[in-house]
Structure formats: structure tokens, C-alpha cells
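Enquirer: Sharing a structure with you now.
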Ligand SMILES: Nc1ncnc2c1ncn2[C@@H]1O[C@H](COP(=O)(O)OP(=O)(O)O)[C@@H](O)[C@H]1O
Ligand SMILES: [Mg+2]
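Printed below as a string of C-alpha cells:
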């Protein structure tokens, strides 16, 4: 099998368009995962047992089931209950919720790492609960976990091709369809691999830079 | 540094010290003589006015099956400065932490002035305090920790203004002015923009002292505040605290192993062992001619190190 450069250039624009969708899905999903993960963590610390135990088991369940059945559930099962959403939206929401159960663990570890003395100093100056969290605990906890959270962005990016199972036109699905149309799979699939490497390397460099910036102080 | 001013803007104890209701400890100023003016500390920055006394009444504190305080009774007079000494594990820290509400009380009453810290009045009964009551009571109490516990995500200025702005409701400008005054007093005016990690242990502890004072507490708790410091930094912090103790009307509870410092700073020394007061008296007596064998043993052990 010979590599066909003409074919490569012909399909590249479409693949890049697919990559754009992949990146958008990852970034939007990531924002959801960051926000929702924090919500889970805080709810798990709620004094209400019903609330914190419910959140605990729901997140545990989501974390220990694979992403693909969850995608099917959101895209195919929810509409039968009257909740219809497009494939991309469904993909983003599922990806975000799935990964929020991981970021929740990351936040939890970060909060546990804040020394007990910080809480005690807050009590000693009589700081109200909301301020303890917003001004003292979360800034320190989040700073500690920024590198870990960054790694989850890369992990999500690598998981995002699974969105093809609900027909999101992300880069792998585009490549697969091109291959099916022309019976030439080598070029599209290889280009996808290269594109993933390029984006992953760039994001790794950015994450590393964040890491260095927040490791000090 | 502004000249020491011992009177301006501060009510005399006679004006502000409300009449005691007869319950608890009087809020009237005790007759304990305060030392004369010292150089260094600008007294305007220090909390002035009547400080409440403290009384422990049959206080019980357990950790699991370990009964640390067993019906402990003791009183600290308004404005009195008391040092707690005793072997490690004798419950000194626990006493301060109960006063700062960092540990929960198991039984008994802790009075601050004529109110109970851990209970509120409901009719003629006393019920466990709610968060609001604890919040109100804590306003009178400040604490300085062995490990400083400055907020590392804030610069020095923000460490000092956070409480005054968020808790006392001072305006930003008022809080900054207060912070500047206190930093002047602790000799760190030039570190106002520094982060805690850029400061030495001694400097961090000075900032921590200023942070506690910025809340203008009436009762100040010091738990081995120099024991985490390099030896050459200890004296500076002790000198500062000595000046603060002399020039303020604070009720002071201090845990320390430094006998010279304890002698300088306190009106009275309480010797603890296993959660009980073994012996108490003026520093000269306790350190000079202790009457209990356990005190003598303890002092000998401390001097030996
Ligand atoms: N958080 C805690 N959990 C269990 N035991 C504790 C705790 N804090 C203190 N203790 C116990 O209480 C006793 C008194 O401790 P502490 O008040 O720290 O003594 P001191 O300050 O005089 O050295 C010790 O036996 C210690 O082990
Ligand atoms: Mg101790």
C-alpha cells in the first residue's frame, strides 16, 4: 500500500473540521467537569446525610461505568422520556458529567491537603463559612490540583472520539466515513493519529507550564 | 513610627466596663499593676478597654476514652496575664483550644466575662450554643499558633485585612490603615506586600500576632508561639509580646516553656499535670521556690534541655 499525498490533502480540510468539533466538545465538556466536580465535592461535605450519601453513590456509579453506555443513555434513552438533544450537546454533557466524577475526587484530595491549621486560623479570626471556602480553602486547594486537572483535560481529549457512537462528527468519525467512501483507510486514520499527537503535545506543554507556575509558593 | 500614645481614643476601663451581673467573672478591670511605658510598641494599635475574665467550671474534655480535663476549675481575672506550664500532654493546648472553640466542650461551663462560651440562655435554662452564639463569643478571643498558620494565598496586607473587612465590617481603607499601624508596631512595615513564604519564621509569627490583634480581641491566647522558631529569632518575638502584654488591657493566656519569658509576661503561673492544676502562684514563687515536688521535677527537666 502506497501513501497517497493527493488524497491526504483532499481530505485534510474535512478532518480539520472534525478536529474542531473534537476540541470544542472536549473544552465544553471540560468546563462542565470542572464546575460540576466542585459542586459534587462541596455537596459531599454537606451535613445532610441524605444529600451527601446520594451524591456519593451517584458519582461512584457514574465513575465506575464506561463512557459509551452513558452516551447511549443520554442520546437514545432520554429522548424517550421527552428530552431530545442533538448529538454534540449530548456528547458534551455526557463527557462533562462523566469526568466531573473524576475532578470531584481531585478537588476532594486538594481540599484534604489544605493543612488543618488553615481552618483553625479561620476560626480564630471568626471568618464566616462562605469566606473560609472562597478566600482561604478553595484558592489553596485548587492551586494544588491545577496540574492534575490539566492532565484530565488531555485524558478527556483522548476519550472524545467515543462520541462517534452517537454520531458526533468529530475527527475520527469523519476519517472513518472518508475511508468507507473511498476504501482507503490508511491516510485518514493516520492523519487522525498525527492530529491527536500534535494537540496532545501542545496541551502537555501548556499543562507543564501551568504546573511550573503553580508549583512555586 | 508614631509616638506611643496611651490614652487617645480609648475608653478608660471605668467608662466601658459594664457592671457585672454577678454571674460568671467580673468584667471590671483587676487591680493587677500594668508595667510602665516601653519603647517600641505604639499603644494606639492595641486593644484597650475592659477585658473580660475567664472561668472554667467543672470542665470536662475527653478524646475517646482519654479524659484530658476532669472537672477542671480555674479563674483568670479581667486583664490578668496567666502562663500555663506543665509536661507535654498535660492539657494546656486543649484548654486554649476550648477557649478558641477549636475543640468541643464535653461537660461543665466556660465563662468569658458574664457569658458562657459553649451555652446560651434559653429562659432560665442553658442550652448548647448555636453557631451564632459561638460567632459572637469568638469576637472577644484571639489566638496565635505555634505554626503561625498565615494564609499562604494572601499577601501580608490581605492576611491582616481579611478578618476586619469580612468579619468586623470595616471599610477597605479602615482595614488597611489598621493593618499598617499593626505592621509598624511589629516592625514589618516594609513587608506589607510580601507573601508569607518570603518571610522568616520570626517575621511570619509577627504577622500572625498582628493578624490576631487586628481583630481587637479582649482575650489573647498564645500557644508556644516561639517553639517553632530558630533560636536566634525567639527573643525578638518575645520582646514584642512582652511590650504588647504591658501596654494592652488584654486578658492573656500563654503556654510556654521559656521560663524567663513566662516570668516577664505573667502575673500568675499555673502548673498543670494530667489536666489538673498542681500548683499556682506568682512567677517568682513558682520558678523560685516551688512547693510541689512535681513542679520542681518539671522545672528541672525543662532547665536541663
Ligand atoms: N485531637 C486529639 N485527638 C486525640 N487526643 C488528643 C487530641 N488533642 C490532644 N489529645 C490528647 O490530649 C492530651 C492533652 O494534650 P494537649 O492539650 O495537647 O497537651 P499539652 O498542650 O499540655 O502538651 C494528650 O494526651 C493528647 O494526646
Ligand atoms: Mg501543647
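Residue numbers (full-length UniProt numbering), protein chains in the order written: chain A, 1 to 217; chain B, 1 to 305. Virtual Cβ for every residue (Gly too), placed ideally from N, Cα, C. The structure presented is a predicted model; accordingly, all values stated were derived computationally and were not measured.
1. Thinking residue 44(A) and residue 58(A) are a contact (beta carbons under 8 Å), I'd like their distance in whole angstroms, please.
2. Is any heavy atom of ligand 1 found at a distance shorter than 6 Å from the C-beta of residue 92(B)?
3. CB of residue 88(B) to nearest heavy atom of ligand 1: below 6 Å?
4. Going by DSSP, name the residue or residues bridged to residue 128(B).
5. Can you find a heavy atom of ligand 1 that lies under 6 Å from the Cβ of residue 319(B)?
6. Please list, in chain order, all residues of the same chain as residue 117(B) whose beta carbon is under 6 Å from its beta carbon, the five residues on each side excluded.
7. If we count Cβ pairs, one from each stretch, closer than 8 Å, do we get three or more for the region 19 to 31 of chain A versus the region 84 to 96 of chain A?
8. Going along the chain, which residues of the region 101 to 121 of chain A sit with their C-beta nearer than 7 Å to a C-beta in chain B?
9. In the DSSP assignment, what are the bridge partners of residue 184(A)?
10. Which one of 81(B), 270(B), 282(B) has the shortest CA to CA distance from residue 87(B)?
11. Closest Cβ-Cβ distance between residue 174(A) and chain B: below 7 Å?
12. Would residue 139(A) count as contacting chain B if we go by Cβ distances under 7 Å?
13. I need the DSSP call for residue 66(B), collapsed to helix, strand or coil.
14. Between the beta-carbon of residue 55(B) and the beta-carbon of residue 75(B), is there less than 7 Å?
15. Among 123(B), 167(B), 133(B), which residue has its Cα nearest to the Cα of residue 132(A)?
16. Strictly below 8 Å CB to CB, what residues from chain A border residue 130(B)?
17. Any beta carbon of chain B sitting closer than 7 Å to that of residue 45(A)?
18. Could you pull out every unbroken alpha helix (DSSP H) segment of at least 4 residues lying fully inside the region 155 to 210 of chain A, listed in chain order?
19. So with CB distances below 7 Å, who are the chain A contacts of residue 142(B)?
20. Please identify the residue among 3(A), 37(A), 75(A), 17(A) whose C-alpha is closest to the C-alpha of residue 169(A).
21. What residue range is occupied by the uninterrupted beta strand (DSSP E) comprising residue 273(B)?
22. Opposite residue 74(B) in the DSSP bridges: which residues?
23. Buried or exposed: where does residue 18(B) fall if 16 or more other Cβ atoms within 10 Å of its Cβ makes it buried?
24. Taking residue 104(A) and residue 41(A) to be in contact with their CB atoms under 8 Å, please state how far apart those CB atoms are, rounded to whole angstroms.
25. List, in order along the chain, the chain B residues whose C-beta lies closer than 8 Å to that of residue 147(A)?
26. Where are the alpha helix (DSSP H) runs, 4 residues long or more, that stay fully inside the region 127 to 169 of chain B, in chain order?
27. Suppose the cutoff is 7 Å on Cβ atoms and the five residues either side in sequence are ignored; what does the same chain contact list for residue 34(B) look like?
28. Report the neighbours of residue 143(A) on chain B: residues whose CB is nearer than 8 Å to its CB, in chain order.
Expert: Reading it off the structure:
1. Here residue 44(A) refers to the residue found at position 44 when the first chain is read from its first residue. Here residue 58(A) refers to the residue found at position 58 when the first chain is read from its first residue. Between residue 58(A) and residue 44(A) the Cβ distance is about 10 Å, and since that is not below 8 Å, they are no contact.
2. As a working mapping, residue 92(B) is identified with position 92 in the second chain. Under cutoff, so the answer is yes.
3. Reading the second chain from its first residue, position 88 is the one you call residue 88(B). Yes, since a heavy atom of ligand 1 falls inside the 6 Å radius drawn around the Cβ of residue 88(B).
4. Taking the second chain and counting its residues from 1, one reaches residue 128(B) at position 128. Note: residue 128(B) sits in a beta bridge opposite 119(B).
5. Residue 319(B) cannot be examined here, being either before or after the span of chain B that is shown, 1 to 305.
6. The residue you call residue 117(B) lines up with position 117 of the second chain. Correct list, in chain order: 110, 137.
7. With the cut-off at 8 Å, the region 19 to 31 of chain A and the region 84 to 96 of chain A touch.
8. 117, 118, 120, 121
9. Within the first chain, residue 184(A) is the residue found at index 184, counting from 1. None; residue 184(A) has no bridge partner.
10. Residue 87(B) sits at position 87 when you count from the first residue of the second chain. For the residues 81(B), 270(B), 282(B), the minimum Cα distance to residue 87(B) belongs to 270(B).
11. Position 174 of the first chain holds residue 174(A). Output row for residue 174(A): interface = no.
12. Reading the first chain from its first residue, position 139 is the one you call residue 139(A). Yes, residue 139(A) counts as interfacial toward chain B.
13. As a first step, residue 66(B) must be located in the second chain, where it is residue number 66. If DSSP states are grouped into helix, strand and coil, residue 66(B) belongs with the strands.
14. For the purposes of this step, residue 55(B) is identified with residue 55 of the second chain, where counting begins at 1. For the purposes of this step, residue 75(B) is identified with residue 75 of the second chain, where counting begins at 1. Taking 7 Å as the Cβ cut-off, residue 55(B) and residue 75(B) qualify as a contacting pair.
15. Counting from one through the first chain, the residue named residue 132(A) turns up at place 132. Answer by Cα proximity: 167(B).
16. As a working mapping, residue 130(B) is identified with position 130 in the second chain. When 8 Å is used as the limit between beta carbons, residue 130(B) is near no residue of chain A, the shortest such separation being about 14 Å.
17. Numbered from its first residue, the first chain carries residue 45(A) at position 45. No, no contact with chain B.
18. 171 to 182
19. On the second chain, position 142 is the one that residue 142(B) refers to. What residue 142(B) touches in chain A: 124.
20. Stepping through the first chain from its first residue, residue 169(A) is reached at position 169. Nearest C-alpha to residue 169(A): 17(A).
21. Translated into positions along the second chain, residue 273(B) becomes position 273. First-last of the beta strand (DSSP E) with residue 273(B): 268 to 273.
22. Here residue 74(B) refers to the residue found at position 74 when the second chain is read from its first residue. According to DSSP, residue 74(B) bridges with 56(B).
23. Along the second chain, one-based indexing puts residue 18(B) at 18. Bear in mind that a pLDDT of 39 at residue 18(B), under 50, signals an unreliable position, so the number given afterwards is only what the model happens to contain. Exposed, since its Cβ has fewer than 16 Cβ neighbours within 10 Å.
24. By 1-based counting over the first chain, the position of residue 104(A) is 104. By 1-based counting over the first chain, the position of residue 41(A) is 41. Rounded, the Cβ-Cβ distance is 5 Å, consistent with contact.
25. For the purposes of this step, residue 147(A) is identified with residue 147 of the first chain, where counting begins at 1. Going along chain B, no residue has its Cβ under 8 Å from residue 147(A), so there is no contact; the nearest lies around 17 Å.
26. 131 to 138, 156 to 166
27. In the second chain, counting from the first residue as 1, residue 34(B) sits at position 34. Low per-residue confidence applies at residue 34(B): pLDDT is 39, beneath 50, and the placement is therefore not dependable, though the value from the model is reported in the following sentence. So the list reads 246, once near-sequence residues are dropped.
28. Stepping through the first chain from its first residue, residue 143(A) is reached at position 143. Within chain B, the residues near residue 143(A) are 153.
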